[in-house]
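Working notes for the structure below.
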Amino acid sequence: TKNTFFIIIRFFKEKIIEYPPASSGNNTSLPETDFEKFAGNPYTSFIGIMLYFLVIFFLFLLATTGDLRASHWVLLIPFIAFFLGFAGQLHYFLVSNHRIIVKNHVLFWIDKHYEVNDIIAANSETQGKREKGLRITTKNFKSKVFAAGSMREANWIALKQKLKDLGINYIK
């Protein structure tokens, strides 16, 4: 029985070393040093400034009254909606030769991974009054726009060139 235990352990060790587990896409955390980062400054962009003024205003409102009132709780819902609306437009992109990762400056839990081979097209576009964003279309024709309000025109030009160098069909 003791020998059987060690045989089983050795078998599993060999299999784990021989076949490492495959990455699971969105849950894989890779070091940012392997990627080229395309991002602007979220503190000096229009969206960033609006976001921080919103937070400062709400904190000032709480500090001047001294206690929480029912009116503060009523203001909390629009505050959260505006905060998420502004923060949702502060994406940035990490690009390597095999993968594109989309993250957010403020909403740290946003972490979307796209394999370069799975992307059929990418383009920059503006939807309504939102900031300019990158639309990524995959082979299964799923498409998503990531607004990047902190990026300047120079960042967009560099991102466009990098995507073209990777062989991604960049439209526009």
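Each residue of the sequence shown is one higher than the last, beginning at 11 in the working numbering.
No residue lacks a Cβ here, since even glycine has one placed at the ideal position from N, Cα and C.
Relative to the C-alpha of residue i, which residue among the options is closest?
i	options	result
GLY98	ASN114, ILE87, PHE89, GLY138	ASN114
LYS170	LYS47, THR14, ILE17	LYS47
LEU176	GLU125, SER81, TRP119, THR136	GLU125
SER93	ILE17, VAL65, PHE70, ALA131	In the sequence as presented, Ser is not what sits at residue 93; that position holds Phe. Selected option, being the one with the closest Cα: VAL65.
ALA164	PHE45, ALA49, ILE17	ALA49
ILE146	LEU100, ILE111, ASN107, PHE63	ILE111
SER106	LYS182, THR14, PHE45, TYR180	PHE45
LEU61	ILE17, LEU117, ARG79, SER81	LEU117
THR136	TYR53, ALA73, VAL155	VAL155
Sorry if obvious, but does the Cβ on residue i come closer than 7 Å to a heavy atom of the ligand COA?
i	result
VAL112	Of the ligands one can find in the structure shown there are none, so the ligand COA has no counterpart to examine.
Where does residue i land, buried or exposed, given buried means 16+ other C-beta within 10 angstroms?
i	result
TYR109	The question names Tyr, but residue 109 is Arg in the sequence shown. Buried is the call here.
LEU173	buried
VAL84	exposed
ILE178	buried
TYR102	buried
ALA132	buried
LEU69	exposed
PHE96	buried
ILE167	exposed
LEU71	exposed
ILE129	buried
What residue does the alpha helix (DSSP H) around residue i start on, and which one ends it?
i	result
ALA256	Limits of the chain in this structure are 11 at one end and 182 at the other, which puts residue 256 out of reach.
ASN165	163-175
THR74	56-75
What are the start and end residues of the beta strand (DSSP E) that includes residue i?
i	result
PHE156	153-157
ILE181	179-181
Tell me, please, whether the CB atom of residue i is closer than 8 Å to any CB atom in chain D?
i	result
ALA91	Absent from the structure: chain D. Only one protein chain is present.
Which complete beta strand (DSSP E) runs does the segment 98-148 hold, if anything under 3 residues is left out? Counting whole runs of 3 or more residues, the segment 98-148 contains the beta strand (DSSP E) stretches 101-105, 109-114, 121-125, 129-136, 142-148.
For the pair the segment 85-93 and the segment 141-154, tell me if three or more CB-CB distances fall below 8 Å. By the Cβ criterion, the segment 85-93 is not in contact with the segment 141-154, since fewer than three pairs of Cβ atoms, one from each stretch, lie closer than 8 Å.
Below 8 Å, can you find three or more Cβ-Cβ pairs linking the segment 159-170 to the segment 53-64? The segment 159-170 is in contact with the segment 53-64.
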